[in-house]
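At position 21 of the sequence shown the residue is numbered 119 (my numbering), and the sequence of numbers has no breaks. We treat Cβ as the ideally placed atom computed from N, Cα and C, and that holds for glycine. The structure under discussion appears below in the form of structure tokens.
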Amino acid sequence: MTNETTTRGAMAALAVIVLMAGISIGQVSLSSAGEASGATVRPAPEGFSLQGDPKLGRRIYKQYCQKCHGKKGDGNGLMARNLDPKPRDFTNKEDMGKRSDWEIYLGIKEGGSAVGLSDEMAPWGDTLTDDEIRAVAVYIRQFAK
Ligand code: HEC
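Okay, structure coming up:
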């Protein structure tokens with residue numbers, strides 16, 4: 099091996115190390131940004147805002163969500179007794195105030211594990227359209243009003 103190839107090899111190795119360090123620094127800053135809200139949640143896309151038709155939301159809620167989350171949104175649906183953890187009380191203003199609209203939306207779409215919660219809360223993104231997810235999220239917000 100000549101001196102030149104050794105130097106090139108070392109440079110290449112160094113480049114890889116620098117690259118990997120860069121990536122892991124990127125990940126660290128991403129997850130600590132999520133931790134500000136108490137859970138590691140991927141940040142909302144720019145300009146995200148929650149709008150939806152509460153009437154549609156009510157229909158979706160009755161059909162798919164009420165059995166666990168309860169008619170009044172208090173977490174006492176028929177199936178709730180078998181759940182651990184129990185669904186949150188959507189009527190609790192203080193608790194619900196800690197959740198951003200994005201977290202509510204993402205949790206419904208991708209399931210509890212996407213927002214640091216249990217996967218007893220399933221992802222609904224394959225069952226519901228985006229409009230339906232937004233609508234039911236808006237409907238859930240109304241329980242704490
Ligand atoms: C099989 C029962 C079940 C069904 C059906 C269900 N959920 Fe859940 N959901 C849960 C449980 C349990 C949790 C709590 C997970 C945790 O706290 O770790 C949860 C959590 C949530 C949260 C997060 C609340 C918070 O703590 O921030 C939202 C929002 C939610 N569900 C909405 C819905 C919507 C909308 C539907 C209907 C499309 C639905 N859920 C259907 C069981 C269910």
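* Using three-state DSSP, classify Ser211 as helix, strand or coil. => Residue numbering aside, residue 211 sits at position 113 when the sequence shown is read from its first letter. Helix.
* Asked: Helix, strand or coil for Lys160 per DSSP?
  -> On the sequence shown, position 62 is the one that residue 160 refers to. Here Lys160 sits in helix by DSSP.
* What is the DSSP secondary structure of Leu204, reduced to helix, strand or coil? -> Position 106 of the sequence shown, counted from the first residue, corresponds to residue 204. Three-state DSSP puts Leu204 in a helix.
* What is the C-beta distance between Leu181 and Cys166, in whole angstroms, given that I count them as a contact (C-beta under 8 Å)? -> By one-based count along the sequence shown, residue 181 stands at place 83. By one-based count along the sequence shown, residue 166 stands at place 68. The Cβ separation is near 6 Å, so the contact holds.
* Between Trp222 and the ligand HEC, is the CB less than 7 Å from at least one heavy atom? -> As a position in the sequence shown, residue 222 is number 124, starting the count at 1. Because some heavy atom of the ligand HEC lies under 7 Å away, the Cβ of Trp222 counts as near it: yes.
* Asked: Helix, strand or coil: how does DSSP classify Leu154 here?
  -> For the purposes of this step, residue 154 is taken as the residue at position 56 of the sequence shown. Correct three-state label for Leu154: helix.
* To do: Go ahead and label Met177 buried or exposed: buried means 16 or more other beta carbons lie within 10 angstroms of its beta carbon, across all protein chains shown.
  => As a working note, residue 177 is residue 79 in the sequence shown. Burial state of Met177 is exposed, judged by a 10 Å Cβ sphere holding fewer than 16 other Cβ atoms.
* Using the beta-carbon count (16 or more within 10 Å), is Pro141 buried or exposed? -> Position 43 of the sequence shown holds residue 141. By the 10 Å Cβ count, Pro141 comes out exposed.
* Asked: Over what stretch of residues does the alpha helix (DSSP H) that includes Glu192 continue unbroken?
  -> Reading the sequence shown from its first residue, position 94 is the one you call residue 192. That run of the alpha helix (DSSP H) goes Lys191 to Gly195.
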